[in-house]
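Novice:
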Amino acid sequence: MLGAANSSEESTAPGCNLLMPVHNKDVADSFDMLADLLEIRDANPFRVRAYRNAARTVRGLPGPVAQMVADGENLSDLSGIGADLAGKIEEIVDSGKLSLLEKVKKDIPEGLARIIALPGVGPKRAAQLRKELDIESIGDLAEAAEAGRIHDLEGFGHKTEERILSAIREDRGKEQRFLRAEVVEFVDSLLEYLRAIPGVKKVVAAGSYRRRRSTVGDIDLLVTCKRGTPVMDRFVAYDDVEEVVSKGETMATVRLRSDLQVDLRVVQQVAYGAALFYFTGSKAHNISVRRMAGKKNLKVNEYGVFRAEKRLAGATEEEVYREVDLPFIPPELREDDGEIEAARKGRLPGLLTHDDIRGNLHAHTKATDGKYSLREMAEAARHLGYEYLAITDHSQQVRMANGLDEKRLRRQITSIDKLNDELDDIRLLKGIEVDILEDGSLDLDDDVLAELDVVVGSIHSKFDLPGKKQTERVIRAMDNPSFNILGHPTGRLINRRPPYEVDVEHIMDAALERGCFLELNAQPERLDLKRVHCRLAREKGLRIAISTDAHTVGDLQFMACGVDEARRGWIEPDDVLNTRSWTDLKKLLKRD
DNA sequence: GCCGTTTTCGGCCCGACTGTTTTCAGTCG
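See below:
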């Protein structure tokens, strides 16, 4: 939301900017809100879409749009941003407000935007509810529904009224996204259940799940089967189904007990590729591909690629892409932010795979807040086929985790040396996850840090420093010649904590100058660096470490999540530190 | 509101399901 800006009355530390920083989310939320309200006002749908596209573009930027404005960058170079929207972004950054939005809010109350977020209510019905019943908020709507005043409206009925009421009661309608890693087991069970139905041929999860997004809003499943297979009946009869939202011949939607929504689509085998393409998305990617198809007088839908009535392709995704003169584009890249152009030019990246990973550069033991011994962690890593595992326990500042002081760290170094003499096929690297203190100094003395194979530096305190200070803090830490890798560089916890205000691009430049690296932390709720940052690092030629930050032997499996995010960020094997043998890695870690 | 090796104006992706309807609008993805 806006409005955080501009209160010069409030006490402000000397030297601080009087305006609160405007975040990308503020800009994007303003545009989304404006789109909602304009839609209720029955504006040109393409104008509405332009605002939504712009919101998406701004939300996906690797750095603050406010910085781009400050640097005088030409915002209309961004896709979907023209002169008008560039001006509006500048207005928001400069003033903290969007005058058009303020104006429209006078006409259409903000509460209506929350009404259209409810399932089953869209802009048309919201406008109608307001016109006929003076409903301007969720509260008004709840009252009217409870009083039974909704079902008599034209186009409404008892079912719609009930649906609205139950949605309000269960507080649905707010955006709810699940960590992908959390839903994997739900999806696997469901896939297994569907595959067991006689007559079913293929069952696959599409959507953002297949694109390997860190979070998913719902699950899209695609099924091919023999004619007459009762897939739909069996699907809605699945044990874990809480509610059947809709059920038709070829499509059904259910809500599981976990509140996860699952859409199932049944298509014929000949349309499998087209349907898979269609339901994998992203929506923006699909629209772009369809537009290309349109130029060739082709129509792409979930049943195939057609010229007039004639189906040209559809059985495989490769076929579908081929018809529009494109090579296969990996699902992780399908976000309509450059992959189509790259594909057309034959410049798609050769993406990293899990098999390329040869080690893990961030793990804890029970010496601090981990749960397993050095030996147990080593065995687990060996079992995964790794060549090395860096032990990077916390440093003393992190008292809650029983962080290591110099004495204990030296003891651990000795233990690792001893253990390495015994171990075959796996090498433990001597490391630390050392705290970056508020002034940018490191939490342990230089001489002990210099004895280590790898030093990961992380922030675990003072998350709320202003951006400039936080950025300087990190860069100062990198000045220390022992510093190798910046751990979880933005500190975000998905759905729980926003990133701290660091200028990631600036930090990347500083890392390049100093021979340091950034981590992509593979914990499912961290995943920072995130994809746009990975792309930025890659463009700059800055290598990244993909590390699990494992606290248990099981956590070592998080590597897959990190690889997913890296793939989404166009990362190739050579861009990653831990695709290298220890011999090669050692050279990279050695700073001059 | 954006965008252009057809275009600076006139396009802008496409189909399924539901509820409320007698043929379809609204919503959703």
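First residue of the first sequence? That's 67 in our numbering, and the numbers climb one at a time after it.
Idealized CB from N, CA, C, for every residue including glycine.
1) Could you check the C-alpha separation between residue 474 and residue 346 for me, to the nearest Å?
2) Can you find the residues in the same chain that come closer than 6 Å, C-beta to C-beta, to residue 247, ignoring five residues on each side of it along the sequence?
3) Taking C-alpha atoms, which residue in 178, 244, 136, 163 lies nearest to residue 559?
4) First and last residue of the beta strand (DSSP E) that includes residue 370?
5) Exposed or buried, what is residue 286 when buried is set at 16 or more other beta-carbons lying within 10 Å of its beta-carbon?
6) Are residue 450 and residue 633 touching if we call contact CB-CB under 8 Å?
7) Would you identify the three-state DSSP class for residue 587, choosing helix, strand or coil?
8) Taking the straight line between their C-alpha atoms, what separation do you get for residue 484 and residue 445?
9) Would you check if the distance between the CB atom of residue 467 and the CB atom of residue 501 is smaller than 8 Å?
10) Within the same chain, show all residues whose beta-carbon is closer than 8 Å to that of residue 275, passing over the 5 residues directly before and after it, in chain order.
11) Taking 8 Å as the threshold (C-beta atoms), are residue 381 and residue 336 in contact?
12) What three-state label does DSSP hand residue 312 in the structure shown?
13) Given a cut-off of 8 Å, decide if residue 234 and residue 204 are closer than it, judged by their beta-carbon atoms.
14) Just the C-alpha distance for residue 369 and residue 227, rounded to the nearest angstrom, thanks.
15) Short check: CB of residue 520 to CB of residue 608, under 8 Å?
16) From what residue to what residue does the alpha helix (DSSP H) around residue 362 run?
17) In chain order, which beta strand (DSSP E) runs of at least 3 residues are fully inside the segment 226-265?
18) So what does DSSP say about residue 58, is it helix, strand or coil?
19) Residue 104 and residue 113: beta carbons closer than 8 Å?
20) Three-state secondary structure (DSSP) at residue 537?
21) Looking at the structure shown, is residue 83 part of a helix, part of a strand, or coil, going by DSSP?
22) State buried or exposed for residue 420, treating a residue as buried only when at least 16 other CB atoms are found within 10 Å of its CB.
23) Alpha carbon to alpha carbon, how far is residue 641 from residue 604? Give it in angstroms, no decimals.
24) Can you tell me where the alpha helix (DSSP H) with residue 478 in it begins and where it stops?
25) Per DSSP, residue 426 forms a beta bridge with which residues?
26) Around the Cβ of residue 128, are there at least 16 other Cβ atoms within 10 angstroms (buried) or fewer (exposed)?
27) Measuring straight from C-alpha to C-alpha, what distance separates residue 172 and residue 410?
28) Helix, strand or coil for residue 652 per DSSP?
29) Excluding the 5 residues flanking residue 193 on each side, which residues of the same chain have their C-beta closer than 6 Å to its C-beta?
30) Given this structure, state the Cα-to-Cα distance separating residue 212 from residue 302, to the nearest angstrom.
31) Let me know if residue 224 comes out buried or exposed under the rule of 16 or more other beta-carbons within 10 Å of its beta-carbon.
32) Pull up the distance between the alpha-carbon of residue 277 and that of residue 630, whole angstroms please.
33) For residue 130, count the other beta carbons within 10 Å of its own beta carbon; 16 or more makes it buried, fewer makes it exposed. Which is it?
34) Going by DSSP, name the residue or residues bridged to residue 501.
35) Applying the criterion that 16 or more other CB atoms from any shown protein chain within 10 Å of the CB defines a buried residue, is residue 280 buried or exposed?
36) Quick one: residues in its chain with C-beta nearer than 7 Å to the C-beta of residue 439, no 5 flanking neighbours on either side, listed in chain order?
Specialist: A quick look at the data gives this:
1) Position 408 of the first sequence, counting from 1, holds the residue named residue 474. Position 280 of the first sequence, counting from 1, holds the residue named residue 346. Distance between the alpha carbons of residue 474 and residue 346 is about 50 Å.
2) The residue you call residue 247 lines up with position 181 of the first sequence. Cβ within range, chain order: 590, 627.
3) If you number the first sequence from 1, residue 559 lands on position 493. If we check each option's Cα against that of residue 559, 244 comes out closest.
4) Numbered from 1 along the first sequence, position 304 holds the residue referred to as residue 370. Start and end: 370-373.
5) As a position in the first sequence, residue 286 is number 220, starting the count at 1. Counting Cβ neighbours within 10 Å, residue 286 comes out buried, since at least 16 surround it.
6) Within the first sequence, the letter at position 384 stands for residue 450. Within the first sequence, the letter at position 567 stands for residue 633. No; because the gap between Cβ atoms is not below 8 Å, this pair is not in contact.
7) Here residue 587 corresponds to residue number 521 of the first sequence, with the count starting at 1. In the three-state scheme derived from DSSP, where H, G and I count as helix and E and B as strand, residue 587 is classed as strand.
8) Here residue 484 refers to the residue found at position 418 of the first sequence. Here residue 445 refers to the residue found at position 379 of the first sequence. Each residue's Cα considered, the two are about 15 Å apart.
9) Within the first sequence, residue 467 is the residue found at index 401, counting from 1. Within the first sequence, residue 501 is the residue found at index 435, counting from 1. For residue 467 and residue 501, no; Cβs fall outside 8 Å.
10) As a first step, residue 275 must be located in the first sequence, where it is residue number 209. Counting only Cβ-Cβ distances below 8 Å, and skipping sequence neighbours, we find 246, 249, 253, 282, 285, 286.
11) Numbered from its first residue, the first sequence carries residue 336 at position 270. Numbered from its first residue, the first sequence carries residue 381 at position 315. Closer than 8 Å, so yes.
12) Sequence index remark: in the first sequence, residue 312 carries index 246 (1-based). Correct three-state label for residue 312: strand.
13) For this step, residue 204 is matched to residue 138 along the first sequence. For this step, residue 234 is matched to residue 168 along the first sequence. It is a contact, given that the beta carbons lie within the stated cut-off.
14) Taking the first sequence and counting its residues from 1, one reaches residue 369 at position 303. Taking the first sequence and counting its residues from 1, one reaches residue 227 at position 161. Roughly 35 Å between the two C-alpha positions.
15) Residue mapping note: residue 520 aligns to position 454 of the first sequence, counting from 1. Residue mapping note: residue 608 aligns to position 542 of the first sequence, counting from 1. No, they are not a contact pair.
16) Within the first sequence, residue 362 is the residue found at index 296, counting from 1. That residue, residue 362, is in no alpha helix (DSSP H); it is neither H nor E in DSSP.
17) none
18) The structure shown does not extend to residue 58, since the chain is modelled only from 67 through 658, so no value can be given for it.
19) Working through the first sequence from its first residue, we reach residue 104 at position 38. Working through the first sequence from its first residue, we reach residue 113 at position 47. In this structure, residue 104 sits near residue 113, with a CB-CB distance shorter than 8 Å.
20) One-based indexing of the first sequence puts residue 537 at position 471. Residue state, collapsed to three classes: helix.
21) To locate residue 83, count along the first sequence from 1; it is residue 17. With a pLDDT of only 43 at residue 83, under 50, the local geometry of the prediction cannot be trusted, and no value is derived from it.
22) To locate residue 420, count along the first sequence from 1; it is residue 354. When all chains shown are included, residue 420 counts as exposed.
23) Here residue 604 is taken as the residue at index 538 of the first sequence, counted from 1. Here residue 641 is taken as the residue at index 575 of the first sequence, counted from 1. C-alpha separation (whole angstroms): 7 Å.
24) Along the first sequence, read from residue 1 onward, the residue named residue 478 stands at position 412. Note, residue 478: alpha helix (DSSP H), 472-488.
25) The residue you call residue 426 lines up with position 360 of the first sequence. Bridge partners of residue 426: 455.
26) Within the first sequence, the letter at position 62 stands for residue 128. Buried, since its Cβ has 16 or more Cβ neighbours within 10 Å.
27) For the purposes of this step, residue 172 is identified with residue 106 of the first sequence, where counting begins at 1. For the purposes of this step, residue 410 is identified with residue 344 of the first sequence, where counting begins at 1. When rounded, the distance between both Cα atoms is 46 Å.
28) Along the first sequence, one-based indexing puts residue 652 at 586. Reduced to three states, the DSSP call for residue 652 is helix.
29) As a working mapping, residue 193 is identified with position 127 in the first sequence. Around residue 193: 106.
30) Locating residue 212 in the first sequence gives position 146, where the first residue counts as 1. Locating residue 302 in the first sequence gives position 236, where the first residue counts as 1. Residue 212 and residue 302: Cα-Cα distance of roughly 29 Å.
31) Taking the first sequence and counting its residues from 1, the one referred to as residue 224 is at position 158. The residue is exposed, with fewer than 16 neighbouring Cβ atoms inside 10 Å.
32) In the first sequence, counting from the first residue as 1, residue 277 sits at position 211. In the first sequence, counting from the first residue as 1, residue 630 sits at position 564. In a straight line, the C-alpha of residue 277 is about 9 Å away from that of residue 630.
33) Locating residue 130 in the first sequence gives position 64, counting from the first residue. It counts as buried.
34) For this step, residue 501 is matched to residue 435 along the first sequence. According to DSSP, residue pairing for residue 501 in a beta bridge involves 524.
35) Taking the first sequence and counting its residues from 1, the one referred to as residue 280 is at position 214. Classification of residue 280: buried, given that the 10 Å Cβ count is 16 or more.
36) Against the first sequence, residue 439 aligns to sequence position 373. Cβ within range, chain order: 431, 432.
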